[in-house]
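For the sequence shown, position 56 matches number 1440 in the numbering used here, and the numbering has no gaps at all.
What follows is a short report on a single structure.
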Amino acid sequence: MIRINENYLKLQSSYLFVEIANRVSTYQKENPDAEIIRLGIGDVTLPLPPACIEAFKAGVKEMASDVTFRGYGPEQGYAFLRETIAFNDYQSRGADIHSDEIFVSDGAKCDTGNIQELFAADIRLAIPDPVYPVYLDTNVMAGRTGDFNHGRYDDILYLESLPENGFVPRLPEAPVDLIYLCFPNNPTGATISKDTLRKWVDFARENKALILYDAAYEAFVRDPTLPRSIFEIEGARDVAIEFKSFSKTAGFTGTRCAYTVVPKRCTAYDGSGQKHSLHALWNRRQSTKFNGVSYPVQKAAEATYSEHGKAQIIEMTDYYLKNAALIRKEMAALGFEFVGGENSPYIWINCNRDAWEFFDLLLKTAGVVTTPGPGFGKCGEGFIRISAFNSYENVEKAMARIRDALGR
Ligand code: PLP
């Protein structure tokens, strides 16, 4: 008898987006003429930068000639892309990362989800709450989380991010083995200072733990004192793996390109306490299960580091940050407390009531779709996430409607 992986039956979270879709569709049926503005999703709206389009086209053209055609590429990514990433995102910012420590992939979602395959089934996990749900769900699938009781999995240490701690979790009181961190955070938009990140790195070193650092939104960081990579922190090379993506940086959500940095010095232990290179294990995993990213897409990603590409990316992220600033201004004027939106495309609003009730209020009175906080964890209760990924005109319109609806 073929049997299923019963861990899948413990999964909870797909409920959120299904429930949002249902509520929006009911509203649309009841109000067929209402124009809905979606500030809920975390998908970009601006097209690829012109520099990427040019490089993409040139890459396709090369594939059309038998002289320049390429078949299977290196699973780790082409050297031209790995080298430019290592130089621009790390070495030029004082972080000692080399091109052979970069693994190009088709998404930070896949990488943050797949990386847990490298670790034992009985490790102790610390996962932020609220956070991007992939970290938790992939560990549920792997059977590491225990059962779900009263809104939480029994075997997870939840790193609570609340107003009391400025939405940056405190260090665990007991040792843990694997720690997920995400800054700028999805969904809160909160950022972490170098000093605080250093404490996490020191904690990992002291506890022989590993940090999985998701920096998918680093391109939105404007404050020069904030870290854009965990490898800006001394000692992180031994205890951290970092995930980055071109999705939000350069509008690649539909084009697909990301990368993971696994430093050669980064190690984990076997049952007898012997050290093993995580770089070697990830390399083995990727070579076995991953085919690499297509050549034209890697050429397009490389173009984000050209002079024009860099300028276009700043223009693009500035556009969303301008939306975020408008959302912050309007929410402040309405008297809401919030975090995020300064070095991040997300604004996390304390709605002072049930999140779903507030979601319904904004949908029904303003036609604006947001994301209720509980979809990202128990600490999201009483919060909604507003995303700056939309046109400025739509954000202006949405804010005007919310102002009218809430009438304060
Ligand atoms: N990490 C975080 C924190 C995200 O919010 C997202 C997407 O929303 C991802 C990773 C996924 O990135 P990618 O499109 O590269 O899979």
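Think of the CB as a built atom: it goes at the ideal place given N, C-alpha and C, for glycine as much as any other residue.
For a test of the three-state rule: what should DSSP assign to residue i, helix, strand or coil?
| i | result |
| --- | --- |
| Phe1627 | strand |
| Pro1756 | strand |
| Tyr1730 | strand |
| Tyr1704 | helix |
| Ile1770 | strand |
| Val1408 | helix |
| Ile1511 | strand |
| Tyr1542 | strand |
| His1663 | helix |
Is there at least one Cβ from chain D nearer than 7 Å to residue i's Cβ?
| i | result |
| --- | --- |
| Lys1493 | The structure shown has no chain D; it contains just one protein chain. |
Under a Cβ-count criterion, where at least 16 other Cβ atoms within 10 Å of its own Cβ denotes burial, should residue i be classed as buried or exposed?
| i | result |
| --- | --- |
| Thr1529 | buried |
| Gly1455 | exposed |
| Ile1386 | exposed |
| His1663 | buried |
| Leu1705 | buried |
| Arg1612 | buried |
| Leu1520 | buried |
| Gly1725 | buried |
| Arg1466 | buried |
Cβ of residue i within 6 Å of any heavy atom in ligand 1?
| i | result |
| --- | --- |
| Asn1523 | no |
| Tyr1516 | yes |
| Val1706 | The identity of residue 1706 in the sequence shown is Lys, whereas the question assumes Val. No, the beta carbon of Lys1706 sits no closer than 6 Å to any heavy atom of ligand 1. |
| Ser1489 | no |
| Asp1598 | yes |
| Gly1426 | yes |
| Asn1727 | no |
| Cys1566 | yes |
| Asn1570 | yes |
| Ser1483 | no |
| Tyr1678 | Looking at the sequence provided, one finds Ser at residue 1678 rather than Tyr. Every heavy atom of ligand 1 is 6 Å or more from the Cβ of Ser1678, so no. |
| Lys1648 | no |
| Ala1492 | yes |
| Ser1631 | yes |
| Ala1624 | no |
| Ala1642 | yes |
When you compare the stretch 1739-1752 with the stretch 1708-1718, are there three or more beta-carbon pairs, one atom per stretch, that lie closer than 8 Å?
No, the stretch 1739-1752 is not in contact with the stretch 1708-1718.
Whole alpha helix (DSSP H) runs in the stretch 1584-1655 with 4 or more residues, listed along the chain?
The DSSP assignment places 1630-1634 as complete runs of the alpha helix (DSSP H) inside the stretch 1584-1655, in order along the chain (cut-off: 4 residues).
4 or more residues per run - each alpha helix (DSSP H) lying fully within the stretch 1410-1486:
Listed in chain order, the alpha helix (DSSP H) runs fully inside the stretch 1410-1486 are 1434-1447 and 1463-1469, counting runs of at least 4 residues.
Is the stretch 1733-1748 touching the stretch 1612-1619 in the sense that three or more CB pairs, one from each, lie closer than 8 Å?
Contact fails between the stretch 1612-1619 and the stretch 1733-1748, because fewer than three Cβ pairs, one in each stretch, are under 8 Å apart.
Taking three-plus beta-carbon pairs below 8 Å as touching, is the stretch 1413-1424 in contact with the stretch 1769-1780?
As far as the Cβ criterion goes, the stretch 1413-1424 touches the stretch 1769-1780, which means the pair count is three or higher.
Can you list the alpha helix (DSSP H) stretches of 4 or more residues lying completely in the stretch 1557-1582, in chain order?
Within the stretch 1557-1582, no alpha helix (DSSP H) run of at least 4 residues lies entirely inside it.
Taking one C-beta from the stretch 1630-1643 and one from the stretch 1430-1437 each time, how about it: are there three or more such pairs within less than 8 Å?
Segments in contact, yes.
So, does the stretch 1458-1474 touch the stretch 1651-1662, judging by three or more C-beta pairs under 8 Å?
Segment contact: the stretch 1458-1474 against the stretch 1651-1662, fewer than three CB-CB distances shorter than 8 Å; contact not assigned.
Entirely enclosed alpha helix (DSSP H) segments - the stretch 1681-1725, minimum 4 residues:
Listed in chain order, the alpha helix (DSSP H) elements of length 4 or more contained wholly in the stretch 1681-1725 are 1691-1717.
Three or more beta-carbon pairs under 8 Å between the stretch 1531-1545 and the stretch 1692-1712, yes or no?
No, they do not touch.
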